[in-house]
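**Student:**
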Amino acid sequence: MRTHVRILELMSLWQGALQKLQVFLVETKSQFITSKGLPLLIACKDLVAATRDRKLNTFIQVSVVHPAEHILTRYSSTEIVEGTRDPLFLTGVTFPPEYPIYEETKIKLTVYDVKDKSQDTVRIASLQIGEIDNLMSWVFFPRTSDGGKTVGTIEVNLVKMGELEDGETDHITTDTQDQKCALVRECTATEGISGKDNLPSLNAVLKNPICKLYRFPTSDNKWMRIREQMAETTLSFHVPKELINLHIKEDMRRNQELKDLGELAPHWDNMRRSVIAHCDQMLSMYQDTLAELGKHTGSSFKSSCSKGEKTLEFIPINLHLQRMHVHSPRLKDALYDVITVGAPAAHFQGFKNGGLRKLLSKFEAERRNTGYQCIYYSPENTAKAKEVLSNINHLQPLISSHADLLLNSASQHSPDSLKNSLKMLSEKTELFVHAFKDQLVRSALLALYTARPGCVLKKPAVPRNTAEEGDDLQHQDHPSQIKRQDSIPHHSEYDEEEWDRVWANVGKSLNCVIAMVDRLLEKDNISHIKEGENDPSAADCSHPTQLYPLVITLKDCMGEVVTRAKQSMAFVLLQELACGLPQCLMLTLRRDIVFSQALAGLVCGFIIKLHTGLHDQGFLQQLHTVGLLVQYEGLLSTYSEEAGMLEDMAVGISDLQKVMFKVIEAKSEDFLPIITGRREHYIIEVQLPAKMFELLPQEIKEGKLLRMYPVLFNVGINEQQTLAERFGDTTLQENINQENLELLKEYYKLFTEKMPPDCLPHFQEQNDLKGLLENLHQNIQAKKRKNVEIMWLAATICRKLNGVRFTCCKSAKDRTSMSVTLEQCSILRDEHQLHKDFFIRALDCMRSRQTQGALNESDDPETGCLTDNKPTSRHFYPVALLLVSSHLLVVWLILSLALLLAKYQ
1 MRTHVRILEL MSLWQGALQK LQVFLVETKS QFITSKGLPL LIACKDLVAA TRDRKLNTFI
61 QVSVVHPAEH ILTRYSSTEI VEGTRDPLFL TGVTFPPEYP IYEETKIKLT VYDVKDKSQD
121 TVRIASLQIG EIDNLMSWVF FPRTSDGGKT VGTIEVNLVK MGELEDGETD HITTDTQDQK
181 CALVRECTAT EGISGKDNLP SLNAVLKNPI CKLYRFPTSD NKWMRIREQM AETTLSFHVP
241 KELINLHIKE DMRRNQELKD LGELAPHWDN MRRSVIAHCD QMLSMYQDTL AELGKHTGSS
301 FKSSCSKGEK TLEFIPINLH LQRMHVHSPR LKDALYDVIT VGAPAAHFQG FKNGGLRKLL
361 SKFEAERRNT GYQCIYYSPE NTAKAKEVLS NINHLQPLIS SHADLLLNSA SQHSPDSLKN
421 SLKMLSEKTE LFVHAFKDQL VRSALLALYT ARPGCVLKKP AVPRNTAEEG DDLQHQDHPS
481 QIKRQDSIPH HSEYDEEEWD RVWANVGKSL NCVIAMVDRL LEKDNISHIK EGENDPSAAD
541 CSHPTQLYPL VITLKDCMGE VVTRAKQSMA FVLLQELACG LPQCLMLTLR RDIVFSQALA
601 GLVCGFIIKL HTGLHDQGFL QQLHTVGLLV QYEGLLSTYS EEAGMLEDMA VGISDLQKVM
661 FKVIEAKSED FLPIITGRRE HYIIEVQLPA KMFELLPQEI KEGKLLRMYP VLFNVGINEQ
721 QTLAERFGDT TLQENINQEN LELLKEYYKL FTEKMPPDCL PHFQEQNDLK GLLENLHQNI
781 QAKKRKNVEI MWLAATICRK LNGVRFTCCK SAKDRTSMSV TLEQCSILRD EHQLHKDFFI
841 RALDCMRSRQ TQGALNESDD PETGCLTDNK PTSRHFYPVA LLLVSSHLLV VWLILSLALL
901 LAKYQ
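Take 1 as the starting number for the sequence shown in full-length UniProt numbering and just add one per residue.
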């Protein structure tokens, strides 16, 4: 705990000035990103130390006394400036628009000298202040409490956010150049980046923004301005709730489809009853979770201390936007966004048996050996069955709707409308018929037939279900995988060609409708050519009369196909569920939890990136032509529980490939995204105001689906990774990095094939990307311990390809913040000519906790709840001591193992 010697204590009742300040705050209250805030910058001159030869290490603490409470509340602090009597504090103080400041409010400024960090003694000296000169600048001339000599000058300035301070760095005094922290100031409202009309839609997803401003010298003796912003997002809860609601609807449809299978033999019927009972229990759990989330009030993000709560397991941990806006005197303004979030993982379920990557592999191996009790269908086939069911549910109502529109157009005697209706009906019906041209549907119908009571085949056969099934419909020599009821009397034989006739009737019915419409249109053309009196009313009556029976036939044929196909695909899903109860449902739940956390971050990142790139035509072209690269930087170790987290995270990020985005024009003031789809395919509709929507390319405005390309690169960096590298296994990390390197190369290849060379910014060339990819490949192959170069290369490639950046660790706090600040300072050095002598100072300034307001050193900055701020390891021996002796290391490992065993008992 730091020990401070308070050398100056300033208190004043700011009456007239505060009254004017309050008016300014009210005027800016309604502004969000563009609000300029009210930063007060503080500086001291000629401070007097306790001893003449001592150099002061000072910072200023700001406290507030509200008139109704009469309690001193710590509000904010500046950074520590070391070794000078003239500290220049540009860690400013800002009161947010909603903060209650009145004429009677007392604001106390206390200047501390950080004298001794190890002892607990504190010496205090109180001083009186002078007067306030004017609104824009207050100058305090403090004297000792007995009215003696002046001990220095305190200057407080009101600075307008966004003003660019010109001048050379040599304008700084010598003492100021020796200060540890470079020029910083903080505010609680952010300023717009581009000044465009994108605030309402961003306001819907961003919340509680916090801003810090820095000023650092460049290598050419100029100042550059850095605005660092952090914001919560309402999507942390909105996306999971929308997703859970979709899961509930999907599971209810599945349960109903299982019930609609009809009469089954006793073996299969008992299996169905068991599956439905387990599914109903899981459905009830989803409904309870959604109800609990609906009751949630308070913070718009989940803190790390809540990651083990069951009711919040679908919510991402600490999802925030981290934005750095750089304004350089000679370079173009630049914007760098990083989304920080805790690793998507099922913390409540735990990692005793590993994560999803291991659990799914183990489950699939066990399911192959289920024997005669059920039929094994490969994951590809079960996914295809779900796709067929989804197509049925989507296309059947569309075809019925277009058929009704066709009859309506015929009754109105409108040739153009009739042609358009017929075109839409034909397209949807062809898609409908094509959906059933699959061997899986045929084989599933055969399997379902064998499961009916009293049905046996003349030639014993069970459907082929391996991934090697061919397209030849004549091959029916399937291996026997099912125990049939041979004792049941033979009632009928299954006609394998019946299904072909049923779904072919749909196409034939459509052809009849098309032929009739052509005849009606031809008849109308002839009637228009002929001269003389015509009776259009007769044509109006004949059109729907002639079309109606054909349309009814089409609907009937389609209904018969739907009934058979639904039952056959539901039977496939029954096998999937029955082969692994209850593990199958528990794995589905775990995967839903992890995917929900990952999707919330992805939606946030996409919306932010879309708003940032609205005026970048190259990016918009890349978005609809190639897709969006989404790069995740993982900092998890491959030791103990974090290995399970990494397995969960790898599967969750990979599942994001089944997500596609669509940009639509908002029809109301609600700009929150809309989620539709099912577990194998989701569409996220992002709403934009009309003015912003008009800026998009025609392809995006017409509803083209935008693909995502997520990649994950992980490098463990903590002490647990040291243990994994020396005594454990890092194969998981190596495999993940290698797999995602191949995905990144595929995206780059697609990018170079579809995009023109000049689509990237002028300073980014194709050769740079090729070299970076090769360098990344070499670093991954090198298998170097804690090779953070992988992280830097992957992040650089992502930025050059206009991608979205994510940084993740266990809770998105310590490791994440260290990584983000290091990346930001590295960008300032490499891209914006940060002075080499100020790199460490800039890094210290960005990482300083001294400017975190009323938080004590034992406070958790992301929750406000009390923590110990100790390393994650709770073992009794520090790692540094263990390096002294190998014997101590052995003892420490034994004690660690004992603690882990005790934890899981």
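We put the CB at the ideal spot given by N, CA and C, even for glycine.
Can you tell which of 749, 688, 642, 684 has its C-alpha closest to the C-alpha of residue 719?
**Tutor:** Within the sequence shown, numbered from 1, the residue matching residue 719 stands at position 719. With distances taken between Cα atoms, residue 719 lies closest to 642.
**Student:** Quick one: what's residue 791 bridged to in DSSP?
**Tutor:** In the sequence shown, residue 791 corresponds to position 791, counting from 1. Residue 791 is not bridged to any residue.
**Student:** Quick one: measure Cβ to Cβ for residue 650 and residue 736, integer angstroms, because I've assumed they're closer than 8 Å.
**Tutor:** The count along the sequence shown starts at 1 and reaches residue 650 at position 650. The count along the sequence shown starts at 1 and reaches residue 736 at position 736. Indeed they touch by this definition, with Cβ atoms about 5 Å apart.
**Student:** Report the rounded CA-to-CA distance for residue 233 versus residue 285, giving the unit in angstroms.
**Tutor:** Sequence index remark: in the sequence shown, residue 233 carries index 233 (1-based). Sequence index remark: in the sequence shown, residue 285 carries index 285 (1-based). Whole-angstrom Cα-Cα distance: 26 Å.
**Student:** Quick one, which of 322, 450, 406, 685 has its alpha-carbon nearest residue 211's?
**Tutor:** Residue mapping note: residue 211 aligns to position 211 of the sequence shown, counting from 1. Residue 211 has its Cα closest to that of 322, out of 322, 450, 406, 685.
**Student:** Thinking C-beta only, is residue 583 closer than 9 Å to residue 380?
**Tutor:** Translated into positions along the sequence shown, residue 380 becomes position 380. Translated into positions along the sequence shown, residue 583 becomes position 583. Cβ distance not < 9 Å, so residue 380 and residue 583 don't count as in contact.
**Student:** Would you call the stretch 559-566 and the stretch 497-505 touching, i.e. three or more CB-CB distances under 8 Å?
**Tutor:** Contact annotation: the stretch 559-566 touches the stretch 497-505, with at least three C-beta pairs closer than 8 Å.
**Student:** What are the boundary residues of the beta strand (DSSP E) that includes residue 240?
**Tutor:** Locating residue 240 in the sequence shown gives position 240, counting from the first residue. Counting along the chain, residue 240 falls outside any beta strand (DSSP E), though it belongs to the alpha helix (DSSP H) covering 235-259.
**Student:** By the DSSP assignment, the alpha helix (DSSP H) with residue 384 in it spans what residues?
**Tutor:** Stepping through the sequence shown from its first residue, residue 384 is reached at position 384. Start and end: 379-411.
**Student:** Report the rounded CA-to-CA distance for residue 863 versus residue 342, giving the unit in angstroms.
**Tutor:** Taking the first residue of the sequence shown as 1, we reach residue 863 at position 863. Taking the first residue of the sequence shown as 1, we reach residue 342 at position 342. Note that residue 863 scores 37 on pLDDT, short of 50, meaning its location in the model is unreliable and no value can be drawn from it.
**Student:** To the nearest angstrom, how far is it from the Cα of residue 789 to the Cα of residue 616?
**Tutor:** Position 789 of the sequence shown, counted from the first residue, corresponds to residue 789. Position 616 of the sequence shown, counted from the first residue, corresponds to residue 616. Roughly 30 Å separates the two Cα atoms.
**Student:** Are the CB atoms of residue 240 and residue 315 within a distance shorter than 9 Å?
**Tutor:** Mapped onto the sequence shown, residue 315 falls at position 315. Mapped onto the sequence shown, residue 240 falls at position 240. Cβ atoms of residue 315 and residue 240: closer than 9 Å.
**Student:** Measure the alpha-carbon distance for residue 426 versus residue 606 and round it to whole angstroms.
**Tutor:** The residue given as residue 426 occupies position 426 in the sequence shown. The residue given as residue 606 occupies position 606 in the sequence shown. Taking the straight line joining both Cα atoms gives about 35 Å.
**Student:** Would you kindly work out how many angstroms separate the C-alpha atoms of residue 834 and residue 623, rounded to a whole number?
**Tutor:** One-based indexing of the sequence shown puts residue 834 at position 834. One-based indexing of the sequence shown puts residue 623 at position 623. Distance between the alpha carbons of residue 834 and residue 623 is about 32 Å.
**Student:** Name the DSSP bridge partner or partners of residue 517?
**Tutor:** Numbered from 1 along the sequence shown, position 517 holds the residue referred to as residue 517. Bridge pairing for residue 517: absent [DSSP].
**Student:** Could you check if residue 675 is buried or exposed, using at least 16 other CB atoms within 10 Å of its CB as the buried criterion?
**Tutor:** Along the sequence shown, one-based indexing puts residue 675 at 675. Here residue 675 is buried. Its C-beta has 16 or more other C-beta atoms within 10 Å.
**Student:** Check this for me: beta carbons of residue 786 and residue 715, under 9 Å apart or not?
**Tutor:** Working through the sequence shown from its first residue, we reach residue 786 at position 786. Working through the sequence shown from its first residue, we reach residue 715 at position 715. The answer is yes: Cβ separation under 9 Å.
**Student:** Note the first and the last residue of the continuous alpha helix (DSSP H) segment covering residue 415.
**Tutor:** Counting from one through the sequence shown, the residue named residue 415 turns up at place 415. Element bounds for residue 415: 415-434.
**Student:** Taking all protein chains shown into account, do 16 or more other C-beta atoms lie within 10 angstroms of the C-beta of residue 548, making it buried, or fewer, making it exposed?
**Tutor:** Residue mapping note: residue 548 aligns to position 548 of the sequence shown, counting from 1. So residue 548 counts as exposed.
**Student:** Please look up how many angstroms separate the CB atoms of residue 227 and residue 213, rounded, as I've assumed it's under 8 Å.
**Tutor:** For the purposes of this step, residue 227 is taken as the residue at position 227 of the sequence shown. For the purposes of this step, residue 213 is taken as the residue at position 213 of the sequence shown. About 6 Å separates the two Cβ atoms, so the contact holds.
**Student:** If contact is defined by three or more beta carbon pairs under 8 Å, each pair taking one atom from either stretch, is the stretch 253-265 in contact with the stretch 623-632?
**Tutor:** no
**Student:** Specify, as a first and last residue, the run of the alpha helix (DSSP H) that residue 825 falls within.
**Tutor:** Along the sequence shown, one-based indexing puts residue 825 at 825. Here the alpha helix (DSSP H) through residue 825 covers 814-832.
**Student:** In the structure shown, what three-state DSSP assignment does residue 809 receive?
**Tutor:** Working through the sequence shown from its first residue, we reach residue 809 at position 809. Looking at residue 809 - three-state DSSP - the assignment turns out to be strand.
**Student:** Looking at C-alpha atoms only, which residue of 794, 707, 747, 684 is the closest neighbour of residue 246?
**Tutor:** Start at 1 with the first residue of the sequence shown, and residue 246 comes out as number 246. Ranking the options by Cα distance to residue 246, first place goes to 684.
**Student:** Determine the DSSP secondary structure at residue 312, reduced to helix, strand or coil.
**Tutor:** Here residue 312 refers to the residue found at position 312 when the sequence shown is read from its first residue. Looking at residue 312 - three-state DSSP - the assignment turns out to be helix.
**Student:** Run the CB neighbour count on residue 836, radius 10 Å, all protein chains shown included, and call it buried at 16 or more, exposed below.
**Tutor:** Numbered from 1 along the sequence shown, position 836 holds the residue referred to as residue 836. Flag for residue 836 reads exposed.
**Student:** Look at the Cβ atom of residue 436, then the Cβ atom of residue 388, and state whether they are nearer than 9 Å.
**Tutor:** As a position in the sequence shown, residue 436 is number 436, starting the count at 1. As a position in the sequence shown, residue 388 is number 388, starting the count at 1. Against a cut-off of 9 Å, the Cβ pair of residue 388 and residue 436 comes out as a contact.
**Student:** From residue 448 to residue 590, what does the alpha carbon distance come to, in whole angstroms?
**Tutor:** One-based indexing of the sequence shown puts residue 448 at position 448. One-based indexing of the sequence shown puts residue 590 at position 590. Computed Cα separation, rounded: 30 Å.
**Student:** On the DSSP letters alone, give me the boundaries of the alpha helix (DSSP H) that residue 705 sits inside.
**Tutor:** Along the sequence shown, read from residue 1 onward, the residue named residue 705 stands at position 705. Premise fails: residue 705 is in no alpha helix (DSSP H) and is neither H nor E.
**Student:** Thinking C-beta only, is residue 592 closer than 9 Å to residue 679?
**Tutor:** Start at 1 with the first residue of the sequence shown, and residue 679 comes out as number 679. Start at 1 with the first residue of the sequence shown, and residue 592 comes out as number 592. Contact flag set, yes.
**Student:** Just grab the DSSP bridge partners of residue 714 for me.
**Tutor:** The residue given as residue 714 occupies position 714 in the sequence shown. Answer by DSSP bridge pairing, in chain order: 634.
**Student:** Could you check the C-alpha separation between residue 800 and residue 709 for me, to the nearest Å?
**Tutor:** For the purposes of this step, residue 800 is taken as the residue at position 800 of the sequence shown. For the purposes of this step, residue 709 is taken as the residue at position 709 of the sequence shown. Roughly 15 Å separates the two Cα atoms.
**Student:** Among 670, 67, 841, 820, which residue has its Cα nearest to the Cα of residue 337?
**Tutor:** For this step, residue 337 is matched to residue 337 along the sequence shown. When each option's Cα is compared against that of residue 337, the closest is 820.
**Student:** Please work out which residues of its chain come closer than 6 Å, Cβ to Cβ, to residue 308, disregarding the five sequence neighbours upstream and downstream, and give them in chain order.
**Tutor:** Within the sequence shown, numbered from 1, the residue matching residue 308 stands at position 308. Only 347, 348 meet the Cβ criterion.
**Student:** Compare the C-alpha of residue 692 against each of 85, 648, 610, 639 and name the closest.
**Tutor:** The count along the sequence shown starts at 1 and reaches residue 692 at position 692. The residue from 85, 648, 610, 639 with its alpha-carbon nearest to that of residue 692 is 610.
**Student:** For residue 302, which residues from the same chain have a beta carbon less than 6 Å from its beta carbon, with the 5 sequence-adjacent residues on both sides left out?
**Tutor:** Against the sequence shown, residue 302 aligns to sequence position 302. Counting only Cβ-Cβ distances below 6 Å, and skipping sequence neighbours, we find 312, 315, 317.
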